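Heads up, the thing below is written out as structure tokens.
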Amino acid sequence: MPPEAKTAQGSGSGSPSVVPTRLEIKRSPSDVPLSPPEDVPVFQVDDLSVYYGSFRAVRDVSMTVCERQITSLIGPSGCGKTTLLRCFNRMNDLVEIARVAGKILYHGVDLYHPDVNAVEVRRRIGMVFQKPNPFPKSIYDNITFGPKVAGIKGNMDEIVERSLRRAALWDEVKDRLKESAMGLSGGQQQRLCIARALAVDPEVILMDEPCSALDPIATGRIEDLMEEIKSEYTIIIVTHNMQQAARVSDMCAFFTAEVNETSDTRTGVLVEYDKTEKMFSNPSDERTENYVTGRFG
Amino acid sequence: MAQRLADRDGFSLASLAGERRRVRKEAVIRALFLAAAALSIVISSLIVFTLARETYTFVTQVDLSKLWSEGWFPRRALYDVRTIFVGSVLVTLIAMVVAAPLGMGAAVYLSEYAKPRVRRVVKPVLEILAGIPSVVLGFFALVWISPEIVQRLNSEAALFNLAAAGIGVGILVTPLVASVGEDAMRAVPKALREASYGMGARKVTTTIRVIIPAAVSGLVAAFIIGISRAIGETMVVAIAAGASGGSLFSLNIFERGQTMTAAMASMAAGTDAVKGAGLTFQSLFFVGSLLFIITLSLNLFADRFVRRVRQRY
Amino acid sequence: MQGRRFDAAGFVFRLLLLAALFITMLLLTILIIDVVTSGWSVLSTRLGDFLTGKLGSIPATSGIGQGLRGTFFIGLFVVVIAFPIGVGAAIYLEEYAPRSRFTRFIDVNIRNLAGVPSVVFGLLGFAIFVNALEFITGPRANGATVISAGLTLAVLVLPIVIITSAEAIRAVPESLREAGFGVGATRWEVIRSHVLPYAGPGILTGTVLSLARALGEAAPLILVGAVTGFLTEGARYSLESLQERFTAMPIVIYTWAGRPQPGFVENTAAAIVVLLVVVLLANTVAILLRNKYEKRR
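Residue numbers (our numbering), protein chains in the order written: chain P, 1 to 297; chain W, 1001 to 1313; chain A, 2001 to 2297.
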């Protein structure tokens, strides 16, 4: 579908003041790269809306996510950040009433094309959840489950060690790999979940508020870890914590919720998407500025 | 990483199509489970179909005057439905006179009064005892309830009598009523209890004025499920009420008698005879249809009450 | 004064409730003591003969071997047929089924089937397995065989197996499924590796309870033509014996309970003790298992 047609449609549907003109440009991400030219786009989101039944959770999002960068999604509660994140690996398919309109291209392939297999998508695009959710099995089995179902041949011991090392957990657990993962601390469990995601060799890792259930020390370790693995993976992170977004991310997208007066429902909209530095020092939109300076949200 | 970059050079829709074998396996497994679930519909249809077919034959061929005669004697072509229907009603009434106060009382006690330690022991014991087979209660009704309870209340009572059968059925459904009732009581939110105590109400006041009214739909459901189970109970009556072969119309609960279920069992007890004997075979299905319709209506009715509780909390 | 009167009311109310519980337990205790004491003379003097002997008209030499054989095969049919189909249906309803009218219909249908009196299932077994499928279930015995009985009782407990298994599966936390999907597992891989192990104890409890129910049922067996006379063979466990006339423990109890000769009361009580040991033991194991795992969560 040509981007021009989408633009007309998109701006017609919402109140014009909500979508700043800057965003209109980004509807065709290929012609105006937002980041330095050597950046390779991984995702191109084009006019994406997500519905739960008749309720529209997110509307008209367009943005480009680039390789080997950390992209953060920030904004107040109920602005659809998590909903959007779960579109990138089709986790929303599991919510039966969820429906997606618009497009997400992954290396140019429409993720929601009928021939695309959601299971394969999730193998390539891993996910780390808000609450650490290790399987109630041994640490070893937690890591090997993904590679096994994906049919990855190879020495499982090596995969376990490599994944745990990358997640900076190896030294802490190498002597008790056969013990239950439920015995680990919250922060260790979350790093195990990251290791588990890395074990299937994904290209992208989606993180849904990965530190919200952790204390500051554990949070710091996860942030360091993200910084370390960034050279090999593309990371998209949803966070409530603005300092975290400012610390770890290269690109930052600010979302807010529009309240529908008649139905009292909230629909998320993308306000501004730019380099994190700019978002936090000199944002273009007043709403972003209010949010990052703590005046709202 | 190197591998992933190489992958991307040839990246296309096919890269995300998934492994063929794995996709197909998933579809096959899903279809198998669907078939398992759909089997329940096949079973229901078969029940309705077989009942309807023979019942139709019965209703169209029976001499209608025989449906209202002096008693239920299928082998003599006397099909007084009244006799066995009233028998079922009497047994169910007696059963509920026993099961309703015992079951509800136990439910209220366990949910509101029992200490956690007591509850932890008594509840599983009740659940285990709920599994006592009905033939066992039939035997108990005959050798203990009848002489020790019924014949003491009424020395004229026969050894085989409807009253003993009714009490036996009552004991059988008590754990069920208690269990469903207790679930209903516990579904009442804690906040409601605390609000009542907060206003200085005593336990008895809270229980009677607040918890029981709040749980009333579930308690009614427990009661109806109890009735449904009592009507459908066969073996206790077949053993303890003793009227095999047939029964005259009677309202005397201290005499032999028959219920719809016991009539079916007694007819089928010599299956070979049933196969050939005129409408006897069909009458079996006719009674089965009545029983099916009655219990289905009761269950649907109870289900509405259960759902009302769920909606509210 | 007012306060004292209220206390009295509370005391009486509490006493009434306690009486209800006490009478219930008392009656069930009397039942068990009664059958054990009446059956004791048989159980204590000739237990071995009693368990293996054949049915006969002389109480002192009659045994329940044939009844145990029938009950064993009925249990086998329930385990082999009702368990896999029931758990499969529960998996479909909880994990795969879309929220459609058809699903709701299946669900309501199963709930209603669970409330159908057992004697009506007996009619179904009589019409289908005994009459219509006579050529399979046993032409020599006019279809009135343990195959028909086993199939009928498998159908009888199927709804209970489905309902209890579905409840156990519903109790599996969603985060566990998400963790599995997140690393690129298919629905079935998640079910097999994570949902079923977690729901296992609950499913096992439900299935054992329904097995106990099947072993104690008599009414459907009368309908499908269980007999206590003219049994061609004794306690044989061979496959071709499945197509012969049969009896089962509840039928033995029913028949003996109706015999006026002295000696049969003791035999009936002894047979009841044997059946109760099997059924209540199964129930106890199942319920203790469930309570243990419920506490763990």
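Think of the CB as a built atom: it goes at the ideal place given N, C-alpha and C, for glycine as much as any other residue.
Fair warning: this is a prediction, and the values are worked out from it, not measured in the lab.
Simplified DSSP assignment, three categories, for residue i
i	result
Glu-272 of chain P	strand
Ala-101 of chain P	strand
Trp-993 of chain W	Residue 993 of chain W is absent from the structure shown; chain W starts at 1001 and stops at 1313.
Leu-201 of chain P	Note that residue 201 of chain P is Asp in the sequence shown here, rather than Leu. Coil at Asp-201 of chain P, not helix or strand.
Gln-69 of chain P	coil
Ile-152 of chain P	coil
Cys-252 of chain P	strand
Glu-172 of chain P	helix
Ala-1114 of chain W	coil
Phe-1073 of chain W	strand
Ser-30 of chain P	In this prediction, Ser-30 of chain P has a pLDDT of 45, which is less than 50 and means its spatial position is unreliable; what the coordinates show is noted afterwards. Note: Ser-30 of chain P maps to coil in three-state DSSP.
Leu-2289 of chain A	helix
Met-1199 of chain W	coil
Asp-215 of chain P	coil
Tyr-291 of chain P	helix
Gly-2143 of chain A	coil
Asn-142 of chain P	helix
Asp-93 of chain P	helix
Val-2224 of chain A	coil
Asp-2107 of chain A	helix
Asp-60 of chain P	strand
Presumed contact (8 Å Cβ cut-off) between residue i and residue j, rounded CB distance
i	j	result
Ser-2118 of chain A	Pro-2220 of chain A	5 Å
Glu-258 of chain P	Arg-266 of chain P	7 Å
Asn-2283 of chain A	Ala-2212 of chain A	5 Å
Glu-2167 of chain A	Gly-2202 of chain A	7 Å
Ile-1253 of chain W	Ala-1163 of chain W	4 Å
Residue closest to residue i, alpha-carbon to alpha-carbon, out of the options
i	options	result
Leu-2215 of chain A	A:Val-2265, A:Ala-2149, A:Ala-2020, A:Thr-2228	A:Ala-2149
Ile-1227 of chain W	W:Val-1210, W:Lys-1190, W:Val-1177, W:Ser-1266	W:Val-1177
Ile-2030 of chain A	W:Ile-1149, W:Ile-1094, W:Gly-1071	W:Ile-1149
Leu-1078 of chain W	W:Ala-1263, W:Val-1173, W:Ser-1289	W:Ala-1263
Ala-1130 of chain W	W:Val-1180, W:Leu-1300, W:Met-1096, W:Leu-1046	W:Val-1180
Phe-254 of chain P	P:Asp-39, P:Cys-79, P:Gly-183, P:Ser-231	P:Cys-79
Val-1169 of chain W	W:Val-1125, W:Arg-1209, W:Leu-1090, W:Ala-1037	W:Leu-1090
Thr-2164 of chain A	A:Leu-2124, A:Leu-2275, A:Ile-2110	A:Ile-2110
Phe-2077 of chain A	A:Ala-2168, A:Pro-2197, A:Val-2157	A:Val-2157
Ala-2199 of chain A	A:Ala-2090, A:Thr-2052, A:Ile-2085, A:Gly-2010	A:Ala-2090
Gly-154 of chain P	P:Pro-114, P:Ala-199, P:Met-127, P:Val-116	P:Ala-199
Arg-122 of chain P	W:Pro-1175, W:Tyr-1056, W:Leu-1016	W:Leu-1016
Leu-214 of chain P	P:Ile-229, P:Asn-241, P:Leu-206	P:Asn-241
Glu-209 of chain P	P:Gln-130, P:Thr-256, P:Ser-284, P:Asp-141	P:Gln-130
Pro-2139 of chain A	A:Val-2277, A:Ala-2020, A:Leu-2242, A:Phe-2264	A:Leu-2242
Leu-73 of chain P	P:Val-269, P:Ala-246, P:Thr-239	P:Thr-239
Arg-196 of chain P	A:Asp-2034, A:Gly-2184, A:Leu-2068	A:Gly-2184
8 Å CB neighbourhood of residue i in its chain, flanking five on each side removed
i	result
Thr-1295 of chain W	Ser-1228, Ile-1231, Gly-1232
Ser-138 of chain P	Leu-177, Lys-178, Glu-179, Ser-180, Ala-181
Val-1136 of chain W	none
Val-109 of chain P	Val-116
Spatial neighbours of residue i in its chain, beta-carbon cut-off 7 Å, leaving aside the 5 residues before and after
i	result
Arg-56 of chain P	Ser-49, Thr-267
Gly-1242 of chain W	Phe-1160, Arg-1256
Asn-89 of chain P	Val-121, Arg-122, Ile-125, Met-127, Leu-206
Gly-2225 of chain A	Val-2130, Ala-2144
Gly-186 of chain P	Pro-132, Ala-213, Leu-214, Ala-218
Val-1122 of chain W	Leu-1110, Ala-1114
Gly-2039 of chain A	Glu-2266, Ala-2269, Ala-2270, Ile-2272, Val-2273
Cut-off 6 Å between Cβ atoms - residues of its own chain near residue i, not counting five sequence neighbours on either side
i	result
Ala-1302 of chain W	Ala-1221, Ile-1224, Ile-1225
Glu-1054 of chain W	Gln-1282, Phe-1285
Ile-2128 of chain A	none
Bounding residues of the alpha helix (DSSP H) (the contiguous stretch that carries residue i)
i	result
Ser-49 of chain P	Premise fails: Ser-49 of chain P lies in the beta strand (DSSP E), 41 to 52, not in any alpha helix (DSSP H).
Val-2161 of chain A	2146 to 2170
Val-1089 of chain W	1081 to 1108
Thr-1060 of chain W	1020 to 1061
Thr-2205 of chain A	2196 to 2216
Thr-2255 of chain A	2249 to 2257
Ile-1224 of chain W	1216 to 1232
Ile-1149 of chain W	Here Ile-1149 of chain W belongs to no alpha helix (DSSP H), and DSSP marks it neither H nor E.
Residue i, enclosing beta strand (DSSP E) - first and last residue
i	result
Ile-125 of chain P	125 to 128
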